[in-house]
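Residue numbers (my numbering): 25 to 180.
The beta carbon of each residue, even a glycine, is placed where N, CA and C say it ideally should be.
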């Protein structure tokens, strides 16, 4: 932790890397259980959840791009605009929700219940990142961010 004015340090492992690590963990857990287990409709369900994740991610990134603010999770202090419309009117973290959906799609594709452990695992490993981001946004946008935080949930 840095000084009280700087807030918590931004984690060194960025969210996309956590996503890859948890995808690997899911693959390992499925392999340990004997490999992929197939069930009717599996491909369609996994593809639908995966497409939802991609759509969510693209829409979230476009929200940042539209206003020209940073998309770099390791640089939350570089934010220039507080995005509160579009998807951000429903969740403060649509990109992280998209990563959760990717892990859910992969768990469905694997067909192994044990792979679902990656979802709460991701939430726990992202917590330091989210805390650092929230601290930076509070420092940058003050009462506007606090009002946004009060009306919009962190997740879904």
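Runs of the alpha helix (DSSP H) lying entirely within the stretch 94–172, each at least 4 residues long, are 118–134 in chain order. By the Cβ test, the stretch 115–126 is not in contact with the stretch 57–68, since fewer than three Cβ pairs between them sit closer than 8 Å.
Less than 8 Å divides the Cβ of residue 87 from the Cβ of residue 107. Under the DSSP assignment, residue 38 falls outside any alpha helix (DSSP H); it carries neither an H nor an E label. Residue state for residue 176 is assigned as coil, using DSSP reduced to three classes. Contact between the stretch 120–129 and the stretch 32–46 is present: 3 or more CB-CB pairs across the two stretches fall below 8 Å. Your pair residue 37 and residue 73 does not check out as a contact, with CB atoms roughly 25 Å apart and the cut at 8 Å.
Under a 10 Å Cβ-count criterion, residue 136 is classified as buried, with 16 or more other Cβ atoms of the shown protein chains found around its own Cβ. Cβ atoms of residue 64 and residue 153 stay farther apart than 8 Å, at about 38 Å. Beyond the five residues adjoining it in sequence on each side, residue 35 comes within less than 6 Å, by CB distance, of 152, 153 in the same chain, given in chain order.
Going by beta carbons, residue 175 and residue 53 fall outside the 8 Å limit.
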